[in-house]
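Before any comments, here is the structure.
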Amino acid sequence: MRIGYALLLALLLPGSVLAQGTIRGRVVDAETQDPIPGANVVVRELIRGAATDIDGNYTIERVPAGTYTLEASFVGYRTETRRVTVEEGATITVDFALFQTALNLQEVVVTGAGGPVEVKRLGNTIATINAARLEIAPVQNLSEMLMAREPSVAVLPSGGITGEGARIRIRGSASLSQSNEPIVYIDGIRVNRDGGFGSGFVGTGGGGSPSRLDDLDPEAIERIEILKGAAAATLYGTEASNGVIQIFTKRGAVGPPRFSFRIEQGASWYPKIYPDNTGWAWNQAVADTMSKYFGRPIRPYELVRTNFMHEMFETGYHQAYSASVSGGTPGVTYFVNLRWSDEDGPFGAKKGRWYPPGVRTRSADINRLAQASATVNIFPSDKLRLGISTGLTRRHYETPNNNNNIYAAFTLAQFGKPELVRYNNQTGSPAFMTVNEGLQQTYTQDVDRFFGRSHPKKVLKKIMRHPSNTKPR
76 MRIGYALLLA LLLPGSVLAQ GTIRGRVVDA ETQDPIPGAN VVVRELIRGA ATDIDGNYTI
136 ERVPAGTYTL EASFVGYRTE TRRVTVEEGA TITVDFALFQ TALNLQEVVV TGAGGPVEVK
196 RLGNTIATIN AARLEIAPVQ NLSEMLMARE PSVAVLPSGG ITGEGARIRI RGSASLSQSN
256 EPIVYIDGIR VNRDGGFGSG FVGTGGGGSP SRLDDLDPEA IERIEILKGA AAATLYGTEA
316 SNGVIQIFTK RGAVGPPRFS FRIEQGASWY PKIYPDNTGW AWNQAVADTM SKYFGRPIRP
376 YELVRTNFMH EMFETGYHQA YSASVSGGTP GVTYFVNLRW SDEDGPFGAK KGRWYPPGVR
436 TRSADINRLA QASATVNIFP SDKLRLGIST GLTRRHYETP NNNNNIYAAF TLAQFGKPEL
496 VRYNNQTGSP AFMTVNEGLQ QTYTQDVDRF FGRSHPKKVL KKIMRHPSNT KPR
């Protein structure tokens, strides 16, 4: 009787159902053997597949008997394929161990769309600057990390003075009356322009100002993403019409402590590009005065050439030292960096003309910077991350008056006239004040900045590992 029911059921079922099988398996990280949730496993010929669960398991049912190509893929990993044969009514097990790939990692960006996205799937342009590629580049601050690294991103130095901030323009200026600076995010947190990390500006009444972006430790930056064009306004609002810069800082990774040390030494000087100051004496009395201060006999109507600008220049020196340590366990990861830099630029007027003789000026171009940063990530469970980031910046900045300023020493020296040289005006300044008086005025800025943030966040168990991941390797 039972055999009869079985035969009747076999006759009623379609033949295709009896000829189907099942494919199942597990997808893991090839290095850590951790499961990869959300990976796609697809049968190419049938355009059918399944996604792995939180433990990395997948199941593809009702697969017709035959030989197929099985493909496993996930963002940040190399795609793997297998040839499998499915028999009637059988269940086969196919496991995958995926290797991380640097190519895919570079193609993953974080946008305002809510999470990591592959660049090829975006409808807008996002540029990525990887700090690891700049390890041997002479980069002293964040502005120099951006300079000439990406087309359509212009970093415009203000006046060329040591430590002076730069203006950042993405695809040019968009407004004549409003700010043309891009919006800046650091690890997903918006920073303000006024009193915050706004870009540098040029002081029209005095020396230039450092950029607050340059208060960030360049050794603590992992990568920078730049969102260009109108797409930035679509994702971040109308304020982002000038573009968006996202800065991602370094984090520790599971493993023993890894130490890094960096020493920089450099020199700088101004090229001789300014024209000579030229003049002549219209009578013997003026010629005698010029002879006294130029140190050689000068005759009336003899052309006298000198260069008051270059008398204020010297060789500048720069030095920087940094050290970092990173590492951690599956429960806690850390990254700590210390950096100190000191630059005495090529302007100093230490060898020029003095009034009274032997009196030194107060003028100098000095930029001293001490920076410290630390990031600690704590994982109480697989679904919770507690992150703490802190940073400290101390800066002493000192420059002479410069830029668009009629009292700047540079400006006064350019218009100096040799025939007007006197005891109290040894560079022949025709108006406003003498160069020596201008050198007594300095622009000084002392910065003590501390910033910190804590960011608890729920995460998926062992979620994908790429530069924006919240879970360590």
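Everything in the sequence shown is counted per the numbering used here, starting at 76 for the first residue and increasing by one. Cβ atoms here follow ideal geometry from the backbone N, Cα and C, with glycine treated the same way.
| query | result |
| --- | --- |
| Do the CB positions of Thr474 and Thr517 come within less than 8 Å of each other? | yes |
| With a threshold of 7 Å (Cβ to nearest heavy atom), would Leu378 be considered close to the ligand FMN? | Among the components of this structure there are no ligands whatsoever, and the ligand FMN is therefore not found. |
| Identify every residue that forms a DSSP beta bridge with Phe422. | Phe388 |
| List the whole-angstrom C-beta distance separating Arg298 from Asn205, where the pair is believed to meet the contact cut-off of C-beta under 8 Å. | 5 Å |
| From the DSSP secondary-structure annotation, give me the bridge partner or partners of Ser416. | Ala395, Leu444 |
| Assuming Leu467 is part of the beta strand (DSSP E), what are its boundary residues? | 459 to 475 |
| What's the gap between the Cα of Glu377 and the Cα of Ala362? | 9 Å |
| What's the call for Glu300, buried or exposed, on a 16-neighbour Cβ count within 10 Å? | buried |
| What are the start and end residues of the beta strand (DSSP E) that includes Gln340? | 330 to 343 |
| In the DSSP assignment, what residue or residues form a beta bridge with Gly100? | Tyr133 |
| Just to confirm, is the Cβ distance from Ser397 to Val411 under 8 Å? | no |
| Which residue's Cα is closest to the Cα of Glu120: Asp128, Glu146, Glu225? | Glu146 |
| Check the C-beta distance from Arg244 over to Asn255 and give it rounded, since I have them as a contact under 8 Å. | 6 Å |
| So is Ala241 buried or exposed if we call it buried at 16+ other beta carbons inside 10 Å? | buried |
| For Asp269, does the three-state DSSP call read helix, strand or coil? | The predicted position of Asp269 is uncertain, since its pLDDT is 48 and thus under 50; a value taken from the coordinates is nonetheless stated next. Three-state result, Asp269: helix. |
| Assuming Val150 and Gly131 make a contact with CB atoms under 8 Å, what is their CB distance in whole Å? | At roughly 15 Å, the Cβ-Cβ gap does not stay under 8 Å, so Val150 and Gly131 are not in contact. |
| Starting from the Cα of Gly247, find the closest Cα among Gly263, Phe485, Ala172, Gly318 and give me that residue. | Gly318 |
| What does Arg224 pair with, by DSSP beta-bridge criteria? | According to DSSP, which records beta bridges pairwise, Arg224 is partnered with nothing at all. |
| Taking Glu136 as the reference, which of Ala125, Asn382, Thr142, Ile129 has the closest Cα? | Ala125 |
| Less than 8 Å between the C-beta atoms of Ala328 and Ser401, yes or no? | yes |
| Quick one: Cα of Asp521 to Cα of Pro493, how far? | 38 Å |
| Can you have a look at Gln321 and say buried or exposed, based on whether 16 or more other CB atoms are within 10 angstroms of its CB? | buried |
| What residue range does the alpha helix (DSSP H) around Phe507 cover? | Premise fails: Phe507 is in no alpha helix (DSSP H) and is neither H nor E. |
| Under DSSP, the alpha helix (DSSP H) around Ala484 begins and ends at which residues? | 484 to 489 |
| For Arg208 and Ser218, I'd like the C-alpha separation in whole angstroms. | 16 Å |
| Would you call Glu239 buried or exposed, if buried means 16 or more other Cβ atoms sit within 10 Å of its Cβ? | buried |
| Roughly how many angstroms separate the alpha carbons of Gly141 and Val259, rounded to a whole number? | 55 Å |
| Exposed or buried, Tyr152, counting other C-beta atoms within 10 Å across all chains shown (16 or more means buried)? | buried |
| With a CB to CB cut of under 6 Å and the five nearest residues on each side skipped, what residues in its chain are close to Ala81? | Any reading at Ala81 needs caution, since the residue's pLDDT is 44, under 50, leaving its predicted position unreliable; the model's value is listed next. Here the set comprises nothing. |
| Let me confirm a value: Ser274 is counted as buried when at least 16 other C-beta atoms fall within 10 Å, else exposed. Which label applies? | With a pLDDT of 41 at Ser274, under the threshold of 50, the modelled position of that residue is not reliable, and the figure given next carries that caveat. Label assigned to Ser274: buried. |
| Are the beta-carbon atoms of Ser366 and Ala395 separated by less than 8 Å? | no |
| By DSSP, does Tyr260 sit in helix, in strand, or in coil? | strand |
| Alpha helix (DSSP H) containing Tyr368: first to last residue? | 359 to 369 |
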